[in-house]
Amino acid sequence: MAFLGGSDSLELFLSRCQVMSVASVPACLSVMVFLVKEEGWHHSLLLCFLMPLIAAYLGVRGKREIRAGMAATGLVLAVATLPLAFALSSLEGA
Numbered sequence: 001m002a003f004l005g006g007s008d009s010l011e012l013f014l015s016r017c018q019v020m021s022v023a024s025v026p027a028c029l030s031v032m033v034f035l036v037k038e039e040g041w042h043h044s045l046l047l048c049f050l051m052p053l054i055a056a057y058l059g060v061r062g063k064r065e066i067r068a069g070m071a072a073t074g075l076v077l078a079v080a081t082l083p084l085a086f087a088l089s090s091l092e093g094a
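Here it is as structure tokens:
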């Protein structure tokens with residue numbers, strides 16, 4: 001049963017989800033400031049401000065309660081925020 005992993009691999013997965021979701025907050029906030037200053041795009045305020053905070057909350061809560069699905073959802077939200085913000089800003093600029 002070693003190929004299925006153990007509690008160490010779950011703990012590692014939860015830790016990585018938590019760290020990446022929390023680390024996305026400053027990155028998204030800096031992109032939000034750039035988009036608002038340079039491009040004048042105000043939808044980034046909503047997208048790049050709320051989604052990383054929700055992702056960080058889900059990542060931290062998922063690790064604390066040992067819920068892999070919640071932590072993975074936080075990671076997916078954290079990863080999807082920046083591409084979504086750039087895609088929406090390019091659509092609005094066109």
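In UniProt numbering, the protein residues as written are 1 to 94. Each residue gets a CB set at the ideal place from its N, CA and C atoms; glycine is no exception.
Cβ-Cβ distance between residue 75 and residue 9 below 7 Å: Working through the sequence shown from its first residue, we reach residue 75 at position 75. Working through the sequence shown from its first residue, we reach residue 9 at position 9. No; because the gap between Cβ atoms is not below 7 Å, this pair is not in contact.
Of the listed residues 57, 85 and 37, nearest to residue 23 (C-alpha basis): Here residue 23 is taken as the residue at index 23 of the sequence shown, counted from 1. Checking every option, the nearest Cα to that of residue 23 belongs to 57.
Other residues of its chain near residue 15: CB distance less than 8 Å, five sequence neighbours each side excluded: In the sequence shown, residue 15 corresponds to position 15, counting from 1. 63, listed in sequence order.
Local conformation of residue 66 per DSSP, three classes: Start at 1 with the first residue of the sequence shown, and residue 66 comes out as number 66. It is coil, neither helix nor strand.
Straight-line gap, residue 19 to residue 86 (C-alpha atoms, nearest Å): As a working mapping, residue 19 is identified with position 19 in the sequence shown. As a working mapping, residue 86 is identified with position 86 in the sequence shown. Inter-residue distance for residue 19 and residue 86 is about 23 Å (C-alpha atoms, whole angstroms).
Nearest-angstrom Cβ-Cβ length linking residue 31 and residue 82, presumed shorter than 8 Å: To locate residue 31, count along the sequence shown from 1; it is residue 31. To locate residue 82, count along the sequence shown from 1; it is residue 82. Correct: roughly 6 Å between the Cβ atoms.
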